[in-house]
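Under my numbering, residues 15 to 362 are what the sequence shown spells out, in order.
Here's the structure, in structure tokens; my notes come after.
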Amino acid sequence: MTLDEMYMRRCFQLAECGKGHAAPNPMVGAVIVCDGEIIGEGYHRKCGGPHAEVNAVASVVDKSKLSRSTMYVSLEPCAHWGKTPPCAELIIKHRIPKVVICNVDPFPKVDGRGVQMLQDAGVEVKTGVLADEGWHLNRRFFTFHSQRRPYIILKWAESADGFIAGKNGNPIKISTPETMRYVHKLRSEESGILVGTQTALNDNPSLTVRHWSGENPTRILLDRNLIVPADSKCFSSDAQTIVVTVKSNNGNYQSNVKVATLPFDTNGVQMEALMKCLYESNIQSLIVEGGARTLQAFINAGIWDEARVERNPRLLIREGVSAPRFVVDLDRIEEIDGNLITYYRNQK
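The following block contains the structure:
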């Protein structure tokens, strides 16, 4: 491991401290090194607050050392005025002579402008240190801005013989109390959660965070013909809901419910239109929780990034709704309370 990589990994550790608070901004960490010693550290604590570079500079006791220091930062310093001043200007102001960056920021208002501003001011800039690890850290942010769609996680639970529900779609208890906590933790980490009509009718899910701490995701319901009753739990005032339908009327919903009229075909909602709607609604990451037809539609379209499949090895249903099918290499397997969570990544 090189020194640059060592300090960049420290930036990643700091950036992780902003998880759950920085969004929809990226998680960013910064380290300032002088004469082989870390003299300042910082991370982006919350959206709208000071950026990592600002906090790192503020933590330096002897500011005179900045003019002979190197700043390491996990994402390109911004060069525009937003809710906070440009970080590139701060670096130039304090005469920091060298900046080592992991990833260039794909956000349109940055996208290389921070690097250019620093270089124009005579700052030595190095980019691409541990770039793959940096991308993974902020994969939701990067996917949202580069592909103009949410980062999509498919999630379902299945029996040992590969069913997600009983006959006629009747709900079956597959998860355990501990894996239910895992599911709610996942919900707390993403900005949206999506289900189809049959899941809403059969399960009447709340789609909120109850067994973990954190914010509720925005609920997205695919309801082509507006047949899900307006008093269903997914319309409660606990969270915002977007109903995606082919109908032009707004239905009889509360003020927290928005109706999006989109084109549908024989396979369901047209994915390109749905992705555009979610992007414009600032849904940066999305959990697709079901049902089988909805999940399979995302798989068939190739529009997904991760899948997390919970399997109960003790449960046999023998007859019911089959789990979605795909052919992809698994990433890893985790055991929680006797159930197996298998992680997959879409490599396309």
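For glycine and all other residues, C-beta sits at the position ideal for the given N, C-alpha and C.
Query, Result
"Just the C-alpha distance for Asp181 and Ile355, rounded to the nearest angstrom, thanks.", "For the sequence presented, residue 181 should be read as Lys rather than Asp. When rounded, the distance between both Cα atoms is 24 Å."
"Hey, quick one: how far does the alpha helix (DSSP H) through Cys116 stretch, first residue to last?", "Per DSSP, Cys116 belongs to no alpha helix (DSSP H); it is in the beta strand (DSSP E), Lys112 to Asn117."
"With a cut-off of 8 Å on the beta carbons, I'd call Ser250 and Ser227 a contact; round off their distance for me.", "Between Ser227 and Ser250 the Cβ distance is about 19 Å, and since that is not below 8 Å, they are no contact."
"Under DSSP, the beta strand (DSSP E) around Arg363 begins and ends at which residues?", "Beyond the ends of the chain as shown, which are 15 and 362, falls residue 363; an answer cannot be given."
"To the nearest angstrom, how far is it from the Cα of Lys112 to the Cα of Val137?", "6 Å"
"Could you tell me the alpha carbon to alpha carbon distance between Asp76 and Tyr357, rounded to whole angstroms?", "46 Å"
"On a CA-only basis, which of Leu168, Pro100 and Lys79 is nearest Arg359? Give me that one, please.", "Leu168"
"Taking the beta carbon of Ser78 as the centre, do at least 16 other beta carbons fall within 10 Å, making it buried, or is it exposed?", "exposed"
"Going by the beta-carbon positions, is the gap between Val42 and Thr84 smaller than 8 Å?", "no"
"In the structure shown, what three-state DSSP assignment does Ser160 receive?", "helix"
"Could you pull the start and end residues of the alpha helix (DSSP H) that Glu287 belongs to?", "Here the sequence assigns Ala to residue 287, which means Glu is not the residue at that position. Counting along the chain, the alpha helix (DSSP H) containing Ala287 begins and ends at Met285 to Glu294."
"Can you round the beta-carbon distance between Thr98 and Val118 to whole angstroms, since I take them to be within the 8 Å contact cut?", "Not a contact, Cβ separation roughly 19 Å."
"With contact counted as at least three CB pairs below 8 Å, one residue from each stretch, are the segment 303–322 and the segment 155–171 in contact?", "yes"
"From the DSSP output, in three-state form, read off Cys92 for me.", "coil"
"For Cys61, count neighbouring C-beta atoms within 10 Å of its own C-beta (all shown protein chains included) and say buried if the count is 16 or more, exposed if not.", "exposed"
"Straight-line CA distance for Cys31 to Tyr57?", "7 Å"
"Could you check the C-alpha separation between Cys92 and Pro327 for me, to the nearest Å?", "49 Å"
"Quick one: what's got a C-beta closer than 7 Å to Asn281's C-beta in the same chain, skipping five residues either side?", "Ala311"
"So what's Asp217 in DSSP terms, helix, strand or just coil?", "helix"
"Just tell me which of Glu349, Lys33, Thr259 and Ser295 has its CA closest to the CA of Glu192.", "Glu349"
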